[in-house]
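Below: one structure, written as structure tokens.
There are 2 protein chains.
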Amino acid sequence: MDERARIAMLARILSVPAAGVETAIGDDAAVLEPPHEGHRIVWTIDEQVEGSHFRADWATFHDLGWRSFMAAASDIAAMGATPWCALSALVLPDVVDDAALEQIALGQRDAAREVGAPVVGGNLARGPALSIATTLLGTCARAVTRRGARPGDTLWLAGRLGWAAAGLRALQEGKAQKPQLQFAVAAWRRPTALIAAGRAMAAVAHAAVDVSDGLARDVGHIADASSVNVVFEEAALTSDDALVEAAVALGCSALDLALYGGEDYALVVSSEAPIEGFRRIGEVREGRGGALRSPRGERPLDAVGFDHFAATSTKRA
Amino acid sequence: MDERARIAMLARILSVPAAGVETAIGDDAAVLEPPHEGHRIVWTIDEQVEGSHFRADWATFHDLGWRSFMAAASDIAAMGATPWCALSALVLPDVVDDAALEQIALGQRDAAREVGAPVVGGNLARGPALSIATTLLGTCARAVTRRGARPGDTLWLAGRLGWAAAGLRALQEGKAQKPQLQFAVAAWRRPTALIAAGRAMAAVAHAAVDVSDGLARDVGHIADASSVNVVFEEAALTSDDALVEAAVALGCSALDLALYGGEDYALVVSSEAPIEGFRRIGEVREGRGGALRSPRGERPLDAVGFDHFAATSTKRA
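Order-wise, the sequence lines are chains A and B.
Mapping of the first sequence onto my numbering: residues 119 to 435, in sequence order.
Mapping of the second sequence onto my numbering: residues 119 to 435, in sequence order.
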């Protein structure tokens, strides 16, 4: 297919009518009707690059379309916002043929349906490695940032920790066939942005992040931005027996997976009040940085331990 | 520098207060105040990839930051909109050191200043080749799409044609030092999105595009979307004596440069009324496709001739 035919195929797969979208795929830019005044727009971009975030033989092209979309959608969830619509910029090496491109688009479409935000445009380019950049707009009555956590708050978690990192490690070490690691591999391949949980926390959260680079690092952003100290309860991070079993199969520590593993797209919220669907994993105190508390005592947390597990993409908005 | 320090550097360079921007670099997403009801939001993404759109030795890193930003901003101009703010996703190979990254960001900042739309966030990732994805939001009272050109309209041009393609060819063929090609090389390295011209045409245009992939191909999008035939006047495309001189130095045709060369980011508008700052280059008729008219007669236009000159990135919104 030439590029015109490829774009027509993408338009067929991705085009769906959507509220507030007046012009979608097929012009110089998408045209949107602004949300009601009083609302806020939140806006993020994420990019997944072959060789850094994935190898093409670790997942189907459908998975790669899905997971790259979800990585961006998770940032919208972390703001307490509702996804609205998306653009996607693909860099395609020659080995990505028409059938592979179709699968990437189908993965994006399915993820877009799951979170309720259609792809309304994008860009195609050639390049040496597959990369998928996704930018999403969302709307909310009030955006939850990283600033605003207060001493006395509780840290609440929605979703799982450590599983995607275990799956990544299983793929890297050729252990993806081990029965104890099947769920982990699936978690890495098909994460889901926690949109409903994000909306649930928006009214009461003082601060929130999604766990894309690892719990210690991402909640460390809350500590930095809010000028507070965050304390995790070790027992709350290692209560998942199946994760402990997966860690044994990998010869690593479940606690390290939970603290430093990224790409599960769990949400962590700092708030006084409990939130439905979230469980307590720690608290916020006066001070700076992070700590881990166990029956043996407390130790300061090394937020850079993430390098062992996480991907190399870093948000700056 | 580690990634945290790199992001802090980018924030220092790029952060400027901007209307309607409540949270910029440093959170999971940027937070924006919606434009007034009745306005429209336009939204585009463009990506420039090393090896496909540029070679690192063809321009400074400052140029690469500038031109990638302008490529995206031009899509906002083509909708008749005013740029609002931008996100940037960078894929950095190891050879892009801190000094090079700083120069890319300075180029983005200077382009952002030129068009009045600050970078309010983004993403950093590692990868095998440098790529710069830029997504821009703009606002307007009424968006000018590719649909809406009418038989009887005139085709109007703002900006130059063929120069960036001449510059690209000079760089590819090692002729960048020739005096007749200096302006062409500069045109390729530092294009400028025609924001004021875009605003000027918005009230009267029936349809508009920017020339990123070549005049024949891009105005062909208007012909397709509006179900009309477009006719270019050859004399209007070859009236630039300096382009003719550059074409001679390259051993190619000035007409081909004007028809098939991209990346000048000229604007072409279909409207009944003349527009200040635009000049006539052709007309719109009943029919389909495109044609070229000269004193010798008329011939149908091959919109795919662009492959000889243009880059490989293709908009789909």
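Glycine included, every Cβ here is placed at the ideal spot set by N, Cα and C.
About 23 angstroms separates the CB atoms of GLY380 (chain A) and ALA318 (chain A); that is not less than 8 angstroms, and the two are not in contact. For TRP281 (chain A), the enclosing alpha helix (DSSP H) starts and ends at 281-290.
The alpha-carbon of LYS293 (chain B) is positioned some 19 angstroms away from that of ASP382 (chain B). Taken atom to atom, the span from the alpha-carbon of PRO413 (chain A) to that of MET197 (chain A) is near 34 angstroms. Secondary structure at ILE143 (chain B): coil, using DSSP grouped into helix, strand and coil. Of the other Cβ atoms in all chains shown, 16 or more fall within 10 Å of the Cβ of GLN166 (chain B); this residue is therefore buried. Per the coordinates, the alpha-carbon of GLN290 (chain A) lies some 16 angstroms from the alpha-carbon of GLN298 (chain A). ARG307 (chain B) sits buried, since 16 or more C-beta atoms from the chains shown fall within 10 Å of its C-beta.
Straight-line spacing of the CA atoms in ASP193 (chain B) and THR310 (chain A) works out to 32 angstroms.
Note that the segment 137-150 of chain A does not touch the segment 218-238 of chain B; fewer than 3 beta-carbon pairs, one per stretch, sit closer than 8 angstroms. By the rule that beta-carbons nearer than 9 angstroms mark a contact, MET197 (chain B) touches chain A. Counting every other CB atom within 10 Å of its CB across the protein chains shown gives GLU352 (chain B) a total of 16 or more, marking it as buried.
Shown here, LEU373 (chain A) sits in a helix according to DSSP, grouped into three states. DSSP, reduced to helix, strand and coil, places SER249 (chain B) within a strand of the structure shown. Closer than 9 angstroms to the CB of VAL160 (chain B) there is at least one CB belonging to chain A. The residues VAL262, VAL387, SER389, in chain order, have a CB closer than 6 angstroms to that of ALA323 (chain A) in the same chain once the five nearest residues on each side in sequence are set aside. At a cut-off of 9 angstroms between beta carbons, VAL327 (chain A) contacts chain B.
Buried is the label assigned to HIS339 (chain A), since at least 16 other Cβ atoms lie within 10 Å of its Cβ. Between the alpha carbons of ARG278 (chain B) and SER186 (chain B) lies a distance of about 18 angstroms.
Looking at the backbone, the Cα of ILE131 (chain A) and that of ALA207 (chain A) are separated by about 15 angstroms. Measuring C-alpha to C-alpha distances from ALA360 (chain B) to each of B:ALA372, B:VAL349, B:LEU286 identifies B:ALA372 as the nearest.
A Cβ-Cβ distance of about 6 angstroms is found for the pair ILE159 (chain A) and LEU255 (chain A), placing them in contact under the 8 angstroms criterion.
Around the beta carbon of MET188 (chain A), 16 or more other beta carbons lie within 10 angstroms, which makes this residue buried. Listed in chain order, the positions of the segment 134-162 of chain A with a beta carbon within less than 8 angstroms of a beta carbon of chain B are GLU140, THR141, ALA142, ILE143, GLY144, ASP145, ASP146, ALA147, ALA148, VAL149, LEU150, GLU151, PRO152, PRO153, HIS154, GLU155, HIS157, ARG158, ILE159, VAL160, TRP161, THR162. With the rule of 3 Cβ pairs closer than 8 angstroms, the segment 143-151 of chain B does not count as touching the segment 166-183 of chain B. Check the Cα spacing between LEU242 (chain A) and each of A:SER344, A:ALA282, A:ALA123, A:VAL329: the tightest is with A:ALA123.
Bounds of the alpha helix (DSSP H) holding ILE313 (chain B) are 313-320.
Just so you know, the alpha carbons of LEU410 (chain A) and SER133 (chain A) end up roughly 47 angstroms apart.
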